[in-house]
Structures are given as structure tokens and as C-alpha cells.
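Accompanying notes for the structure given below.
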Amino acid sequence: MGNIIQHFCTESINKICECVAEVMAKHQDFSVVTAKVKEETDQLGKDLCNFIIDTVEQAIKNDPLRPKEWHVQRTDDDRSINTLLGAITYKRTYYKSAHGKGYCYLLDKVLGIEPYDKIDTGLKAASIELAADISYAKSGEQAGPVAISRQSVANNIRELQDIKVKKNTAPKKVLEILYIEADEDHASLQTGKKALPKLIYVHEGLDLTGLRHKTKNIHYFSSLTKSTEELWTDVYQYITDNYEVEKIKRVYIAGDGAKWIKAGLNWFRNARFVLDRYHLNKYVLKATGHAPQYRHKLWISLNRADKDAVKEILDNLIENVLTQADLKEVMDVRRYILNNWDGIQIYAYEDRTVIGCSAEGHVGHILSARISRAPLGWGIPNLENITCLRTFKANGGKVYDLLISQKKEEREPVEIAPNILRELRKKVEDKSHLLGIKLPIIEYGKVTPLYNILKELQGA
Numbered sequence: 002m003g004n005i006i007q008h009f010c011t012e013s014i015n016k017i018c019e020c021v022a023e024v025m026a027k028h029q030d031f032s033v034v035t036a037k038v039k040e041e042t043d044q045l046g047k048d049l050c051n052f053i054i055d056t057v058e059q060a061i062k063n064d065p066l067r068p069k070e071w072h073v074q075r076t077d078d079d080r081s082i083n084t085l086l087g088a089i090t091y092k093r094t095y096y097k098s099a100h101g102k103g104y105c106y107l108l109d110k111v112l113g114i115e116p117y118d119k120i121d122t123g124l125k126a127a128s129i130e131l132a133a134d135i136s137y138a139k140s141g142e143q144a145g146p147v148a149i150s151r152q153s154v155a156n157n158i159r160e161l162q163d164i165k166v167k168k169n170t171a172p173k174k175v176l177e178i179l180y181i182e183a184d185e186d187h188a189s190l191q192t193g194k195k196a197l198p199k200l201i202y203v204h205e206g207l208d209l210t211g212l213r214h215k216t217k218n219i220h221y222f223s224s225l226t227k228s229t230e231e232l233w234t235d236v237y238q239y240i241t242d243n244y245e246v247e248k249i250k251r252v253y254i255a256g257d258g259a260k261w262i263k264a265g266l267n268w269f270r271n272a273r274f275v276l277d278r279y280h281l282n283k284y285v286l287k288a289t290g291h292a293p294q295y296r297h298k299l300w301i302s303l304n305r306a307d308k309d310a311v312k313e314i315l316d317n318l319i320e321n322v323l324t325q326a327d328l329k330e331v332m333d334v335r336r337y338i339l340n341n342w343d344g345i346q347i348y349a350y351e352d353r354t355v356i357g358c359s360a361e362g363h364v365g366h367i368l369s370a371r372i373s374r375a376p377l378g379w380g381i382p383n384l385e386n387i388t389c390l391r392t393f394k395a396n397g398g399k400v401y402d403l404l405i406s407q408k409k410e411e412r413e414p415v416e417i418a419p420n421i422l423r424e425l426r427k428k429v430e431d432k433s434h435l436l437g438i439k440l441p442i443i444e445y446g447k448v449t450p451l452y453n454i455l456k457e458l459q460g461a
């Protein structure tokens with residue numbers, strides 16, 4: 002490792018310094034410097050990774066207990082894996098178990114590299130993170146210095162499992178009122194049919210301190226393939242894990258009145274339904290399209306929760322329809338309003354703790370922005386995982402942590418003597434050979450601001 006650091010300090014830093022001087026002399030953009038620094042530090046990173054790989058490989062070979070467990074079958078087999086630093090190529094030894102456990106590359110096992118992996122976990126996580134927001138092709142191109150194919154990104158997303166943020170271990174909150182809002186998106190499938198991914202989110206009300214009101218401590222749930230019961234089970238589990246449920250006096254469940262949303266009322270005591278006024282407005286416009294003079298009067302009656310007045314207005318609209326199509330629309334609106342009357346009158350009879358519903362905006366931001374605003378055709382497995390992935394990220398989840406946790410669960414332990422890590426640690430900790438490194442720009446260069454900075458860094 003000393004040679005690697007020595008080379009970086011003598012060659013790479015000189016190149017960077019020459020680049021700085023050229024930028025200053027030619028009044029170039031500073032991005033030239035940052036690009037050069039990245040190029041040199043990436044190469045340093047690759048060299049260090051190769052050093053670690055070679056050290057582990059030698060430690061395995063030299064382990065005195067290894068021959069009792071594994072016999073050498075072949076040496077110097079090439080392997081290449083794409084990483085965030087670029088492609089890293091190395092050689093490894095193929096071993097046969099002395100106890101009939103088959104064959105394997107012990108180096109790959111120790112490093113956690115699967116037999117057919119061409120992409121390391123870091124680069125895979127970066128591409129998946131990007132794919133939650135942009136196309137598979139673009140995410141594969143932008144994730145790292147080595148492009149990943151569109152199909153590889155799609156495959157990596159399809160293999161994701163249990164995409165959710167782990168249980169909160171903090172003390173449970175005491176809260177009197179909790180809000181749950183829900184809606185669904187409309188996505189196109191490759192078959193030409195439509196799919197309806199569902200979105201539910203829990204929050205603690207509105208933060209009114211800023212110019213824009215924001216929901217407090219929001220947490221999302223989404224799925225295309227889960228049943229209504231499974232989805233509400235996840236919501237209920239989250240609430241019981243994070244709140245003192247017996248101290249919650251009221252749970253408001255807001256949405257457009259769909260059966261799957263109202264099903265949430267069965268999960269919480271003191272739960273009340275709140276009709277999303279965005280959808281109510283759509284129905285009011287639909288009912289009064291042929292007679293707009295009734296629109297204002299209908300809204301006044303709805304806001305007062307005057308059910309008799311609302312019925313009378315709708316009956317008048319029915320009497321004045323001009324076509325069968327208009328009649329069907331008004332009848333649909335009448336049925337919708339009366340079926341959701343509890344969610345309408347709650348605005349008039351409750352206090353200010355009723356805050357309405359903003360589900361349409363959240364669906365647009367969390368789901369539609371990726372899955373339905375572009376002319377895409379989805380397969381169900383990847384649509385499900387992209388849907389869950391976007392809520393996972395919105396909840397603060399990190400894809401890299403998710404992949405690592407899944408990898409630990411799947412990974413089989415390798416029985417090798419502990420001498421390997423001990424020998425590696427000794428080589429890394431032995432820094433005595435690094436103390437004498439000198440930078441040519443400091444030893445022979447003129448006294449300049451750059452000289453002073455590097456001098457201080459060396460002293461530190």
C-alpha cells in the first residue's frame with residue numbers, strides 16, 4: 002500500500018497541481034480541476050481495492066489451517082466486477098472442499114461477491130436509486146463510470162424484496178388525533194390494461210409555521226399487488242409500533258370514498274371518514290355541467306351539510322336534463338354524494354381538527370411522477386417494486402442498506418480460520434512506511450498559496 006500512496010503523492014498530485022496552474026493561466030472553468038481530481042482519486046481507490054483483494058487472496062493461501070479444509074484446484078482465474086470506481090479486475094484461486102462441500106472461490110466468498118455478480122452492491126444500489134425517478138436506461142448510464150444495461154437495472158429491481166423502512170425503535174408518541182389519507186394512481190400495463198397502485202399515508206396534521214403548509218411526520222405505504230386487508234395491516238402495524246394507540250382519541254381517514262379506503266374505518270376505534278373535496282368538486286362539476294346556475298347553490302348546501310336541500314337541488318337537476326347522458330351523470334353524482342354523506346357533513350359539524358385531504362397531490366408526487374405521466378407500459382412485478390421503492394425513499398429509506406440487509410440474510414458463512422483478517426489488519430495498520438512520503442511540489446516548488454496549503458496538509 003505504501004507504493005500506492007507514494008505514487009499518488011508523487012504522480013497524481015503533481016498532475017492535479019499542473020491542472021490547477023493551467024486553469025489559472027488560461028482562465029478555464031474550475032470544473033476542469035474537479036474532473037481531474039475525480040479521475041486521480043478514482044484511480045487511487047481502484048488501486049487500494051486491488052491491494053485489499055490481493056492481500057486477502059494471499060492471506061487465504063497462506064493460512065496454515067486452510068489446507069485442512071480447502072485444496073487448491075486452479076490459480077489465477079480472472080474476475081471483473083463493475084463498481085462506483087469503475088471496473089475492477091483481479092485474479093483468484095479456485096478451491097475444492099476437503100470434506101465434500103463442493104468447489105468455490107474463497108476470495109469471492111470472503112468479500113461477499115456472488116458467483117455471477119457483474120455489478121457490486123454499491124453500483125447496483127445507485128442504479129436502483131436513480132431508477133425510482135428516471136428510466137432504466139438513463140439510470141444505468143448515470144449510476145457510475147461503467148454503464149449498466151437497461152435489462153440489468155430492471156432485473157435488479159425485480160429481485161428486490163420486503164421494500165420497507167424497518168420498525169422504529171424510538172419511544173412511542175402520545176397523540177390525540179392522527180390523520181390517514183389515501184388514493185390511487187392509474188398506470189398502463191404492457192398488456193394494454195390499466196393498473197391501480199394504491200397509496201396510503203399517515204401524518205400528524207399540518208405544520209402552519211411556513212408559507213406553505215406541510216404535513217408533519219408523514220409516512221407512506223403503497224402497493225399494487227397487496228390486498229386491501231394486507232395494506233391496512235401494514236398501516237395498523239406502523240401506527241401501533243410508533244404511537245400509544247389507546248391514547249388516540251380520533252383517527253380521520255380521508256379519501257375519495259372508494260371501498261378499499263373506507264375499509265380502514267374497521268381498523269381503528271373512533272375512526273371517522275372525511276371525503277376528499279377535490280373529488281367532491283369533480284362530481285359537482287359533473288352534475289351541473291348542463292346547468293351551471295345550480296353550482297353555487299349546491300355548494301352552499303353541501304358546506305352547510307343540508308341534506309334535504311342537496312337532494313332538492315339534485316332532483317331539480319334531474320328534471321332539467323336534456324339528454325340520457327346528462328341524466329346518468331346526475332344520477333351517478335346523487336348516488337356518490339349520498340353514499341359519502343358522513344364524509345361531507347363532517348366538515349360542518351366537526352371542529353378545526355378536520356383538515357381535509359391532499360391525497361391527489363401526494364399521489365402525483367410519489368407515484369404519478371414516475372409511473373403514469375410518461376407513456377410507459379409496465380410489467381406487474383416491476384410496477385409493484387417501483388411503487389414500493391418510491392414510498393421507501395420518501396420514508397427516508399436507503400437502497401444500499403436494503404440490499405446489504407438482504408444480502409446478509411442470504412449469505413452463507415464461510416468456515417475459514419480467522420488468521421485471514423488478522424494478517425490483513427496487520428498490513429493495513431502498518432503505516433510506518435508511509436511517514437517518509439514527500440511531495441515534489443513542496444520539496445522543489447516555489448512558495449505560493451498552493452505551496453502553503455499543501456505544506457499545512459502535510460503537517461497535519
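Letter by letter, the sequence shown follows residues 2 to 461 of the numbering used here.
Just so you know, even glycine gets a beta-carbon here, dropped at the ideal spot from N, CA and C.
Coarse secondary structure for residue i, derived from DSSP in three states
i      : result
Asp106 : Per the sequence shown, residue 106 should be read as Tyr rather than Asp. Three-state DSSP puts Tyr106 in coil, outside helix and strand.
Ile17  : helix
Ser228 : coil
Asn83  : strand
Asp352 : coil
Trp233 : helix
Gln74  : strand
Ala292 : coil
Cys389 : helix
His28  : coil
Arg278 : helix
Trp268 : coil
Glu12  : helix
Asp163 : coil
Val400 : helix
Ile347 : helix
Ser406 : helix
Leu436 : In this predicted model, Leu436 has a pLDDT of only 43, less than 50, meaning its place in the structure is not dependable; the value taken from the coordinates is given anyway. Leu436: coil per DSSP, three-state reduction.
Val114 : Going by the sequence as given, residue 114 is Ile instead of Val. In this structure, Ile114 counts as coil in the three-state DSSP scheme.
Ala133 : coil
Asn304 : helix
Ala22  : helix
Residues bridged to residue i [DSSP beta-bridge criterion]
i      : result
Tyr202 : Glu182, Tyr221
Leu190 : Trp379
Asp208 : Lys215
Lys174 : Tyr244
Arg273 : Tyr253
Ala196 : Ala188
Ile120 : Asn83
Terminal residues of the alpha helix (DSSP H) in which residue i lies
i      : result
Ala138 : 137-143
Lys97  : First-last for Lys97: 87-98, but that is the beta strand (DSSP E), not the alpha helix (DSSP H).
Phe52  : 32-63
Asn157 : 151-159
Ile338 : 325-340
Ser66  : Reading off the sequence shown, one finds Leu at residue 66, where the question assumed Ser. Taken as a continuous stretch (DSSP letters only), Leu66 belongs to no alpha helix (DSSP H), as it is neither H nor E.
Leu315 : 308-320
Ile367 : Unbroken run through Ile367: none, as it is neither H nor E.
Tyr262 : Residue 262 is actually Ile in this sequence, not Tyr. Start and end: 260-263.
Distance between beta carbons of residue j and residue i, contact taken as under 8 Å
i      : j      : result
Lys58  : Leu108 : The identity of residue 58 in the sequence shown is Glu, whereas the question assumes Lys. Correct: roughly 5 Å between the Cβ atoms.
Ala155 : Tyr137 : 5 Å
Asp235 : Ala360 : No, Asp235 and Ala360 are not in contact; Cβ-Cβ is about 17 Å, not under 8 Å.
Tyr202 : Ile219 : 6 Å
Asp134 : Arg371 : 6 Å
Ile127 : Gly113 : For clarity, residue 127 is Ala in the given sequence; the question names Ile instead. Not a contact, Cβ separation roughly 17 Å.
His187 : Leu197 : 6 Å
Ile262 : Ala183 : 5 Å
Lys173 : Tyr237 : At roughly 14 Å, the Cβ-Cβ gap does not stay under 8 Å, so Lys173 and Tyr237 are not in contact.
Lys248 : Val175 : 5 Å
Leu328 : Ile319 : 7 Å
With contact counted as at least three CB pairs below 8 Å, one residue from each stretch, are the region 184-191 and the region 372-391 in contact? yes
Pair every Cβ in the region 214-230 with every Cβ in the region 385-399, then say whether three or more of these pairs are closer than 8 Å. yes
Taking three-plus beta-carbon pairs below 8 Å as touching, is the region 331-349 in contact with the region 163-174? no
Measuring CB atoms only, is the region 244-256 touching the region 330-340, in the sense that at least three cross pairs come out at less than 8 Å? no
Check whether the region 46-64 touches the region 84-98, counting contact only when three or more Cβ pairs, one atom from each stretch, lie closer than 8 Å. yes
Report yes or no: do the region 29-44 and the region 61-68 share at least 3 C-beta pairs separated by less than 8 Å? no
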